[in-house]
Every structure is written in C-alpha cells, then in structure tokens.
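FYI, the UniProt record's numbering numbers position 296 of the sequence shown as 296, with every residue one higher than the one before it. Don't be surprised by glycine CBs; every beta carbon is placed ideally from N, CA and C.
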Amino acid sequence: MWLRGRAGPIRAPDIGVLFFCIWATISVAVVHGISFAMQPSGILLIETMGAYLLARIYIRDAEDFSNMVGFVTKLVLLLFPFAAYEWFTGNKPLLWAFGLIFKTVESAPQPRSGFWRVQGPFEHSILFGLFCASVLALAAMVPINGQKSGTRKTPAIVVFLTALSSMSSAPIAALAMQSMLMLWNRILRSFPSRWKILGIAALAAYLVVEFGSNQTPVQFYISKFTFDQQTGWVRLLIWEFGSASVLNHPLFGVGFGEWERPVWMPSSIDNFWLVIAVRYGIPGVAFLLGACLWMIFAVGFKKGFDEKLENYRLAYLISTASCMIIGTTVHFWAAPYSWFLFLVGTGAWMLDVKGDGVSDASGRARARGRSPSGRASHQEKPGRYSDETAPQEKRNRRVR
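Quick look at the structure:
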C-alpha cells in the first residue's frame, strides 16, 4: 500500500527508515553471519518499518490524527488507577492478570523514596514512564471528540501523574520539557517569532556549556538529568566508552556482540542513539536519526495551516522532539521502540496539507465520496441533500 501511494508520496524519511533496516541487516550479517542475521533482522523490520508505515498509511488527515490521540490518551487514563495502586503497594495487578492467561515480562519491584516505581505492563518502569510521558503534549493540545480546550486539562493532568509514577529521571525530564514548551507557547502566543527566540536561547545555552564547561553539551545533559550523582557518572562512562566503540567499528558496528569497556561496567547502554551506533555503525544511526530529523523539520517549516492544525503540529513536534532528546539518556526497546517509530510517522500527513488545511490524500478520497481509509464518506450519503442544494431543491418543488 505504501508503494501504491496509499500513504501519500514517498518521502525522504520513508527512505531513511527503510535504509536503516537494510543497513542493520547488512551489519548483523557481516558481524555474525547471514544465518544468524535472518531472525533479528526480520523482527527489526517489523518493529521499525512496520510501526512507521502503520502510521503513514492509516493516519492521513486531522480526523485520523485526533482519533489516534484519543485512543492512546484513553489508554493512559485506563492505566492510571493500576499505576496508583502499584505506586503505593508495590503489587503489579496488570502483570498478575495477564500472567493468568499467557507468559508475561518479569516483575521487577523497585522502591524509591518510600514508594514503588510503577512498571505497569512494560518490562521496566522507565519504559512505562516514557510511553505515558510521550502522550502529554498530545493529550493537552489535541481535542478528542469535539473536546473544548478547558476540558483537556484533566486528561493531561492524569497523563502527567501516570508518567510521574514511574519515578524515573528520563520520563520526568520528558514531562518537564513538554510542559515548558507548552507554557512558552501559551505565554508568548501573540509573538510570531517566539520559536526563533527559543532557538537562539538554546543555541546560546549550548555555546555557554561548550566553552564554559569542562564537559561537552551531550555530557552535560546526560550527567545532570539523573536522580543521583552516581547514575550521572555511570552515564558519562557509557558515553565515553560507547563512543570509542563506535569509532573503532564505524561502518558495521559490533552487532549483538560485546562492546569495548572495562570488565566492571555493565553491558547496558542508557542512550538509544548510542545503542544504534554501537550496534549498526555510523551509517545505521545516520539513516534513522536523519529520517526523524527530516520529518521534524519538514513538518515544522510547513506552511498553510489553520489554527487547529497549528495546535496539532505543535503537539506532534513537542512530543516527538522530546522523545528524540530523551533518547540520549535512555534506551528504547520492546513496545516503546515501536511506539516511537509509530509516533514519528503520525506527522507525515501534515506534509500533504494544502492551503485550505486539508491533506491531498484526504481531499482526493472525499472527492470520490470516500474517506481516506476507503470507507464511504459521511459527507456523501445517498438520499441526503447538502446544505447548499437542499434549499434550491425545495424552491423548485414549490414552483412546480
């Protein structure tokens, strides 16, 4: 369907994600052999390209996007009571219930500050927090079922509290980042150049850290956004030795083998982008990171949006960009990895929006009397008059 144009024109991020999957397959085959590479490469293709194309194909206009946001927001709201119970008691009702039916992930109770870090149905509390935190800007800025702006506060607050229950530094940083960006937009809404001002301020902060600190900006960030100093120190060592591994194996990486580090260091890497570079080499991370950045900037500089679509775009950009930045302090794996690729793909329809605020795919489908998904459009029901033709038809009847 993607090749047939069901997802709109093929774009550079599509090619970037596809090339990442291809290069990852080649890298694993070179390092471990073709027979070993078949299974992990097939899984990677499904989790990466499959998740991305699912969003590209089935989210083709503002209505689809709003429905997606509504579904995922309600999912987080549904998780909230279970998260609250787990936070206070340490018991995991979701894993227990799912375990009665099929094999689930391992329960990993972790106390912190007198409470329990919420794991939910995920493998780790960090993954639970990341998934919930990524929904904050979407829940706060995208109306669900005609929702008014004032009623969006409650779902957003519940999403915030649910993500906070993970008690992990990365999700909390994502919540803080999204909250500050939304607050910036709200306070300076009357200033068209507010994002340029923010960009200049971010560049100035980068230069201050670059020239006024003994750490690089990346080292400064990954060492400061932690709950304790020891965790920040370990992350700096991971960055140091992980980067060295990338430079030692720049083309194909080390695959699923061991990367060079002291014997006392754990094998885990708390940096999504560094994991990709260590495992698949510089071309692998370049393809994936390039695809994400291309989508972010293409959507960000797109013209012709009305006020509603401006809010949709901003929610998408804040949510996706925060995930990309937080990826420097934590690794995405399992379901949150596929969710991240899906999230990146959910904004592609905005690139097809015309000057009237309707995407090309949506406009073509409705012109044929069908919705973008192929169903009959509610705007073209047989036996019903449109608002413009009905009065004229009634007048003709009276004349006859």
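How would you call A174, buried or exposed, if buried means at least 16 neighbouring beta carbons within 10 angstroms? Note on A174: 16 or more other CB atoms within 10 angstroms of its CB, so buried under the neighbour-count rule.
Check for me: the alpha helix (DSSP H) holding P155 runs from which residue to which? 153-164
Contact check, S319 vs L289, beta carbons under 8 angstroms: no
Where DSSP assigns a beta bridge to P111, which residues make up the other side? W116
First and last residue of the uninterrupted alpha helix (DSSP H) at K196: Where K196 is concerned, the enclosing alpha helix (DSSP H) stretches over 194-212.
With distances taken Cα to Cα, identify the nearest neighbour of F160 among I10, Y206, L136, P109. Selected option, being the one with the closest Cα: L136.
Residue from W294, P40, T162 whose Cα sits closest to the Cα of F88: T162
Figure out for me which residue from L351, E106, F301, V254 has the closest Cα to the Cα of S27. V254
Buried or exposed: where does M167 fall if 16 or more other Cβ atoms within 10 Å of its Cβ makes it buried? So M167 counts as buried.
Backbone CA spacing between A108 and G120 [nearest angstrom]: 10 angstroms
How would you write the range of the alpha helix (DSSP H) that K74 sits in, first residue to last? 62-89
Roughly how many angstroms lie between the CA atoms of S371 and R56, to the nearest whole one? Caution applies to S371, whose pLDDT of 48 falls short of 50 and renders its modelled position unreliable; the value that the coordinates give is listed next. Distance between the alpha carbons of S371 and R56 is about 16 angstroms.
Out of S268, W233, V353, W259, state which residue places its alpha-carbon closest to the alpha-carbon of G304. V353
Is the separation between the beta-carbon of E106 and that of A334 shorter than 8 angstroms? no
Quick check on the burial criterion: 16 or more other C-beta atoms within 10 angstroms. Buried or exposed for V275? By the neighbour-count definition (other C-beta atoms within 10 Å, threshold 16), V275 is a buried residue.
If you run the structure through DSSP and keep just helix, strand and coil, what is A329? Sequence inspection shows Thr at residue 329; the Ala mentioned does not correspond to that position. Here T329 sits in coil by DSSP.
Residues in its own chain within less than 7 angstroms of N248 by CB, not counting five upstream and five downstream? In chain order, E260 place their CB closer than 7 angstroms to the CB of N248, counting only its own chain and leaving out the 5 sequence neighbours on each side.
Below 8 angstroms between beta carbons: does that hold for A156 and A133? no
Which value, in whole angstroms, describes the spacing of the CA atoms of T346 and C292? 12 angstroms
Check for me: the alpha helix (DSSP H) holding V17 runs from which residue to which? 12-32 is the span of the alpha helix (DSSP H), which, as asked, contains V17.
When you compare each of Q219, I101, F256 to S41 by their alpha carbons, which one comes out closest? Taking only the C-alpha atoms, the option nearest S41 is F256.
According to DSSP, is A286 helix, strand or coil? helix
Is DSSP giving T231 helix, strand or coil here? helix
For M295 and A348, believed in contact at Cβ under 8 angstroms, the rounded distance: 7 angstroms
For N271, which three-state DSSP category applies? Here N271 carries a coil assignment [DSSP, helix/strand/coil].
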